[in-house]
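For reference, the structure is listed below as structure tokens.
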Amino acid sequence: MSIEQIISEKIVEAINHCYQQQIDGKLVQLQNTRKEFEGDITLVVFPFLKTSKKSPEQTAAEIGDYLQQNVDEVEKYNVVKGFLNLVISSSYWVSVLNSANSETEFGITSATDSSKLVMVEYSSPNTNKPLHLGHIRNNLLGFSLGEILKANGHKVVKTNIVNDRGIHICKSMYAWKMWGNGQTPESSGIKGDHLVGDFYVKFDQEYKKEIAELMAQGQTKEDAEQNAPAMLGARDMLLKWEARDPETIALWTMMNQWVYNGFDVTYKELGVDFDKIYYESETYLYGKNEVLRGLNEGIFYQKEDSSVWADLTAEGLDHKLLLRSDGTSVYMTQDIGTAKERFQDYPIDKMVYVVGNEQNYHFQVLSILLDKLGFEFGKGLHHFSYGMVELPQGKMKSREGTVVDADDLMAGMIEVSRKTSEELGKLEGYTPEQAAETHKMIALGALKYFILKVDPKKNMLFNPEESIDFNGNTGPFIQYTYARIRSVLRKAADRGIEINHTVSGELPLGSKELQLIKSISQFPVAIKEAGENYSPALIANYVYELVKEFNQFYHESPIIIEENADVRNLRLVIAETVGQTIKTGMKLLGIDVPERM
RNA sequence: GUCUCGGUAGCUCAGCUGGAUAGAGCAACGGCCUUCUAAGCCGUAGGUCUUGGGUUCGAAUCCCAACCGGGAUACCA
């Protein structure tokens, strides 16, 4: 039980004792005492004035007296206006430090047999182009969310649905067939996903040319768009694909494999992975079956052109198309099928979809449709909706060439990291391999932290010129602090100083030491909140605050040179514990921390 | 039109289950490397929290309205 919970209960008791009235525990508002006042925990007494019928000061003093006498941890108190500031005994804080230090991953709750199984879907790429900055936000959020849910004691299955079929895939296939000259990733030296993406662009260029020619011959824009040979070719390919034409399937299989090989490299570089991958080409038929079942059971209806619809007007929404008039499936159909298959594969208690906020409506509808089809998990699905990444010139558009490519971005940041590191010359003595590994850790730390520190639901701005900053509220700043802590501990060991991990409760704590221990004690709270709010940003902000506090402490208080051995030991234990907490926190964000930098 | 998300310092963002004097970083300016890593630390300057009402002991935070911006809105995914 945390100190806040203990005090909270005692306050209800105090009111009962002083004023003979039972109050709702929700009225108890505890907050951390502001730094300018003495104390650790503050009670806001305004809500109790109606009960006490006394002034704020007097009410606070009476509650304070009761707590001081009846709670061991409350050493003394003071009252400022309607705020009751409680001073918690240093022996309590020392015990918190000792327990945090003794756990290698303080704050983490392990999964048990009775834990809930949460499936997290993220990434969900199309196989016609390489991953870009938008995917990076998705991947980082999804991976981190999985780590945070695990840290809260859930079993987590990370999954990915690959959109590997459809007209957009056929476009790059058609372009390769027409203008590819048999090029392969091996023959061209181009990474597979980029090569396929190039042909997707090529398709668009040729398609536009053809439209222009047809319009010059007198066709309307609409007709030209329908009649352009490239479009006809792509459509023909889609029909052949659905008919399982061997030649088309072979081409599709080959080009998709190039893309998967490319994605694997990108995912590995980003440090994300999956437990189970689903392919739309395999799940879309399940969805179609479910929709037809719904039609038979009268849940959906069919129009004269034989398209299938769901009437959602009762839910305050519109009518939703589920199967086109030609019988082919749409995005929604596929998601129904995927959901069904997943729940057959795993005993899922909670399904989380990490998908951009432009699809809020889609998931609102999906939830209702699954519910209508009789899947009890429909209502409970959670759409983890995040905002888009914008560039200074506005939204990224692949056709206008303003997308920031994931591979290029990471490579660029690693290059900046390497240059900076070499200028500072801090990795002397490292082998080239060790140095390269550290440069990459720092570059990716910068990128990941930059993305994850922002509230997921907000749109965010990415300025390539400024975003590669390694100073201030950044990943490298946090990594740097960790590296310095490790350095202090190494130096201590070099000088033969042994750390006694059980700090004596009698030790008087300085205000800076106390502040750091209080911050450490908040880590489990931060993990819980991050889990409940699905927000890696809460972890990022927590770690940043902790690191800032440590830096200030570090500059004012020499650790190894401290003449008093007990104080020195206390500070070393605090440093070590802060280091462990940073490492654990960063792990929840998918960020590695270096021993040196 | 309807639904939805947002609007906090020059810029990027915290703070939002109502609580004490609204916080960081970047950019600007001024200090600090002979003691554990200067990717750091200290200081100065920078705010009608979009606007107007309301709720109350108290509002950046909750409610209503307006303005500005993003997104969605029946055969793209």
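Under my numbering, read the first sequence as residues -8 to 588, first letter to last. Idealized CB from N, CA, C, for every residue including glycine. All of these numbers come straight from a predicted model, not from anything done at the bench.
> If you draw a straight line from the alpha carbon of Glu4 to that of Ser46, how long is it in whole angstroms?
Replying inline: 20 Å
> Which partner residues does Ser320 have in the DSSP bridge list?
Replying inline: Leu314
>> Let's test the definition: count the other Cβ atoms within 10 Å of the Cβ of Val256 and tell me whether it reaches 16, buried, or not, exposed.
In response: exposed
> Using the C-alpha atoms, what's the distance from Asp583 back to Val558?
Replying inline: 31 Å
> Taking the beta strand (DSSP E) that Ser376 falls in, what are its first and last residues?
Replying inline: His373 to Tyr377
>> Mapping the DSSP letters down to three states, classify Thr244 as helix, strand or coil.
In response: helix
> From Met222 to Val538, what distance separates their C-alpha atoms?
Replying inline: 56 Å
>> Less than 8 Å between C-beta atoms, sequence neighbours within five positions excluded: which residues of the same chain meet that for Leu205?
In response: Asp214, Ala215, Asn218 and Ala219
> Does DSSP put Gly385 in a helix, a strand or coil?
Replying inline: strand
> Considering only residues of the stretch 483 to 551, which uninterrupted alpha helix (DSSP H) runs meet the minimum length of 4 residues and lie entirely inside it, listed in chain order?
Replying inline: 502 to 512, 514 to 523 and 527 to 547
>> Using a 10 Å radius around the Cβ and a threshold of 16 neighbouring Cβ atoms, would you call Glu281 buried or exposed?
In response: buried
> What number of angstroms, rounded off, separates the C-alpha of Lys279 from the C-alpha of Ala142?
Replying inline: 37 Å
> Which runs of the alpha helix (DSSP H) spanning at least 4 residues fall entirely within the stretch 150 to 184, listed in chain order?
Replying inline: 158 to 170 and 176 to 179
>> Let me confirm a value: Phe28 is counted as buried when at least 16 other C-beta atoms fall within 10 Å, else exposed. Which label applies?
In response: exposed
>> Let me make sure I understand the geometry here. Which of Gln513, Lys519 and Met588 has the alpha-carbon closest to that of Thr568?
In response: Gln513
> In this structure, does DSSP put Met342 in helix, strand or coil?
Replying inline: strand
>> Three Cβ pairs or more, each shorter than 8 Å: is that satisfied between the stretch 152 to 162 and the stretch 260 to 276?
In response: yes
>> Here's the rule I'm using: 16 or more other beta-carbon atoms within 10 Å means buried, otherwise exposed. How should Pro527 be labelled?
In response: buried
> Who does Met206 pair with in a DSSP beta bridge?
Replying inline: The partner list for Met206 (beta bridge, DSSP) is empty, contrary to what the question assumes.
> What residues are listed by DSSP as bridge partners for Trp84?
Replying inline: Paired residue(s): none; Trp84 is not in a bridge.
> Between the C-alpha atoms of Lys482 and Val250, what's the straight-line distance to the nearest angstrom?
Replying inline: 48 Å
>> Do Ile158 and Ala225 have their beta-carbon atoms positioned less than 8 Å apart in this structure?
In response: yes
> What does DSSP give as the partner residues of Asn143 in its beta bridges?
Replying inline: Thr100
> How many angstroms separate the CA atom of Leu136 from the CA atom of Lys410?
Replying inline: 32 Å
> Where does Gln293 fall in DSSP's three states?
Replying inline: strand
> When we look at the beta-carbon of Asn129 and count the other beta-carbons within 10 Å, is it buried (16 or more) or exposed?
Replying inline: buried
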